[in-house]
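Taking full-length UniProt numbering, I'd label the letters of the sequence shown as residues 1 to 223. Notes follow once the structure below has been shown.
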Amino acid sequence: MAILIIEDDPKTGDYLRKGLRESGYAVDLARTGTDGVHLAMQQVYDLILLDVMLPGIDGWEIIRRIREQRDLPVIFLSARDDVNDRIRGLRLGADDYLVKPFSFVELELRVRTILRRGLTRESDVFEVADLRLDVLRRKVTRDGVEIALTNKEFMLLHLLMKRQGEVLSRTQIASEVWDMNFDSDTNVVDVAVKRLRAKVDAPFGRKLISTIRSVGYSLSLDA
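Here you go:
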């Protein structure tokens with residue numbers, strides 16, 4: 001699970017990043033609103049921890065921009081404890097609002113609860129054009145033809161279909177599928193994508209997996 005922290009206070013940001021990483025999360029930290037918006041729109045995260053008062057762009061504007069393009073959980077972390085601020089944050093689409101100072105244990109429990117809620121809502125079946133992936137049955141078909149995939153190929157396809165239309169970097173893919181940091185000297189991701197294409201794209205007329213040069217890969221109807 002990947003979490004983005006948008007927090008300008010160095011002590012708070014570093015403390016949260018360290019604690020969440022020790023809890024097993026992949027964590028990025030942005031110290032300005034501008035950097036936070038950029039990361040939120042360019043990378044893939046499962047949850048965002050968002051301060052309200054930020055240099056550049058404040059938290060209110062950030063959540064507005066996020067909600068225009070993406071539906072992902074947001075928890076406000078703010079020293080502003082006025083009830084009107086909490087109401088404003090929730091009305092703008094935040095999933096939770098935690099007032100500073102707070103217990104890290106409480107924050108982590110709230111994060112887990114929200115992420116678990118998202119997993120419960122996640123679909124068991126993904127479809128793009130005539131390509132269909134059934135998570136529970138571990139079954140993939142295209143145009144009605146069943147396709148045999150290795151475990152890693154299945155995980156890779158699941159990731160691409162779950163993030164349909166998004167460009168995923170090799171680093172993101174390596175982290176999600178292999179639970180490893182991407183090494184530019186290795187071609188494990190490229191080899192896996194090539195093998196996957198040979199099974200789900202090559203035998204069929206319409207190509208769904210595209211290469212975004214110098215960036216990564218995407219699965220969409222516009223490949």
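For glycine and all other residues, C-beta sits at the position ideal for the given N, C-alpha and C. It should be emphasised that the depicted structure is a prediction, and the values quoted were computed from it without experimental measurement.
- A residue is called buried once 16 or more other Cβ atoms fall within 10 Å of its Cβ, and Q172 is buried on that count.
- The Cβ atoms of R86 and V52 do not sit closer than 8 angstroms to each other.
- Its chain contains V125 as the residues whose beta carbon lies nearer than 6 angstroms to that of D134, once the 5 sequence neighbours on both sides are disregarded; these appear in chain order.
- Cα atoms of Y217 and L16: separation of roughly 31 angstroms, rounded to the nearest angstrom.
- I75 is the residue among A26, G24, I75, R67 whose C-alpha sits nearest the C-alpha of E7.
- Annotated three-state conformation of L131 is strand, per DSSP.
- Rounded to whole angstroms, V27 and T211 show a C-alpha spacing of 26 angstroms.
- R65 and V37 have their C-alpha atoms roughly 8 angstroms apart.
- Contact check between the stretch 130-148 and the stretch 89-107: fewer than three CB pairs, one atom from each, fall below 8 angstroms, which does not count as touching.
- Residues G19 of the same chain have their beta carbon placed closer than 7 angstroms to that of F104, with the five preceding and five following residues left out of the count.
- With respect to the 8 angstroms criterion, V177 and L196 are not classified as neighbours on the basis of their beta carbons.
- Restricting attention to L47, A30, R117, the CA atom closest to the CA of G56 is found in A30.
- Annotation: the continuous beta strand (DSSP E) that includes L98 extends over 96-99.
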